[in-house]
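Asker: Take a look at the following structure, please.
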Amino acid sequence: MQFDKDKPIYAQIVDRIIENILQTKWKSEERIPSVRELAVSLEVNPNTVVRSYNYLQDQEVIYNQRGIGYFVSSEGRERAKQIKRSEFVEKELPYFFKTMHLLEMTMDEIDEKYNDFYKRENK
Numbered sequence: 005m006q007f008d009k010d011k012p013i014y015a016q017i018v019d020r021i022i023e024n025i026l027q028t029k030w031k032s033e034e035r036i037p038s039v040r041e042l043a044v045s046l047e048v049n050p051n052t053v054v055r056s057y058n059y060l061q062d063q064e065v066i067y068n069q070r071g072i073g074y075f076v077s078s079e080g081r082e083r084a085k086q087i088k089r090s091e092f093v094e095k096e097l098p099y100f101f102k103t104m105h106l107l108e109m110t111m112d113e114i115d116e117k118y119n120d121f122y123k124r125e126n127k
């Protein structure tokens with residue numbers, strides 16, 4: 005995994021975990037990689053993974069069964085979606101709208117592009 009120098013590594017790991025959950029690579033009540041396994045695969049310090057897991061536990065996306073490992077919570081996918089939706093609305097949409105305004109693009113143009121994208125993704 006290539007890390008962006010402008011965003012904390014633990015936050016990028018959170019994003020990756022959330023993406024795996026949203027894409028249902030990791031399903032509800034399914035065990036996810038241990039701290040050590042994920043740290044080795046991402047080539048990061050285990051403490052960084054612990055920080056990511058702690059954040060996701062606080063958000064009730066995952067939970068820890070002591071001695072067994074970490075699991076996606078029963079509401080994990082929905083909570084992950086809420087986190088990403090909030091980030092999108094608060095951080096990305098304002099920039100997107102500003103760019104639309106500067107380029108004098110209409111919602112109809114965006115709708116057309118989105119529909120094309122949706123068709124390609126759902127083939």
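In this text, residue positions in the sequence shown follow the working numbering: the first is 5, and each later residue adds one.
Here a beta-carbon is modelled for each residue, glycine too, at the ideal position from N, C-alpha and C.
None of the values given here were measured: they were computed from a predicted structure.
#1: Quick one: Cα of residue 100 to Cα of residue 70, how far?
#2: Residue 101 by DSSP, collapsed to three states: which one?
#3: Can you check DSSP and say which residues form a bridge with residue 69?
#4: Return yes when the Cβ of residue 30 is within less than 7 angstroms of the Cβ of residue 76, no when it is not.
#5: Within 8 angstroms, do at least three Cβ pairs link the region 48-58 to the region 79-94?
#6: Taking 7 angstroms as the cut-off, decide whether the C-beta atoms of residue 80 and residue 38 are in contact.
Answerer: The relevant details are as follows:
#1: By 1-based counting over the sequence shown, the position of residue 100 is 96. By 1-based counting over the sequence shown, the position of residue 70 is 66. The alpha-carbon atoms of residue 100 and residue 70 are separated by roughly 43 angstroms.
#2: Here residue 101 is taken as the residue at index 97 of the sequence shown, counted from 1. Three-state DSSP puts residue 101 in a helix.
#3: Sequence index remark: in the sequence shown, residue 69 carries index 65 (1-based). Per DSSP, 73.
#4: Residue mapping note: residue 76 aligns to position 72 of the sequence shown, counting from 1. Residue mapping note: residue 30 aligns to position 26 of the sequence shown, counting from 1. Their beta carbons are under 7 angstroms apart, which means residue 76 touches residue 30 by this criterion.
#5: Verdict: no, contact absent.
#6: Mapped onto the sequence shown, residue 80 falls at position 76. Mapped onto the sequence shown, residue 38 falls at position 34. Residue 80 is not a Cβ neighbour of residue 38, given a cutoff of 7 angstroms.
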